[in-house]
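J.: Numbering (our numbering), first residue to last: 1011 to 1090. We treat Cβ as the ideally placed atom computed from N, Cα and C, and that holds for glycine. This is the structure I have questions about; it appears just below.
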């Protein structure tokens, strides 16, 4: 899979969910988490080659946004 396609499936699932739930985007939290976790895995696998493109994807926000969102929205861990 090319860099540009990384996490594309997750981004498409999120977009479809948002289109379906226009007035209730909170119903798409699972898809958003999947996208950001995919992006984080991609960034974690980075080989330090940022000058030559590194690990990037058109589906992912910049690394600091992903990291902050995941920190601010910890996984529930099966609470309930």
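(1) Taking three-plus beta-carbon pairs below 8 Å as touching, is the stretch 1014-1030 in contact with the stretch 1040-1057?
(2) Can you tell me where the alpha helix (DSSP H) holding residue 1037 begins and where it ends?
(3) Would you say residue 1038 and residue 1031 are within 7 Å of each other, going by their C-beta atoms?
(4) Express the C-alpha separation of residue 1036 and residue 1015 in angstroms, rounding to a whole number.
(5) Starting from residue 1027, trace the alpha helix (DSSP H) in both directions and tell me its first and last residue.
T.: Reading off the structure:
(1) The stretch 1014-1030, when compared against the stretch 1040-1057, does touch it at the 8 Å Cβ threshold.
(2) Residue mapping note: residue 1037 aligns to position 27 of the chain shown, counting from 1. For residue 1037, there is no enclosing alpha helix (DSSP H), as DSSP marks it with neither H nor E.
(3) Taking the first residue of the chain shown as 1, we reach residue 1038 at position 28. Taking the first residue of the chain shown as 1, we reach residue 1031 at position 21. In this structure, residue 1031 lies closer than 7 Å to residue 1038 by Cβ.
(4) As a working mapping, residue 1015 is identified with position 5 in the chain shown. As a working mapping, residue 1036 is identified with position 26 in the chain shown. Their Cα atoms are separated by approximately 25 Å.
(5) Indexing the chain shown from 1 puts residue 1027 at position 17. For residue 1027, the enclosing alpha helix (DSSP H) begins and ends at 1018-1030.
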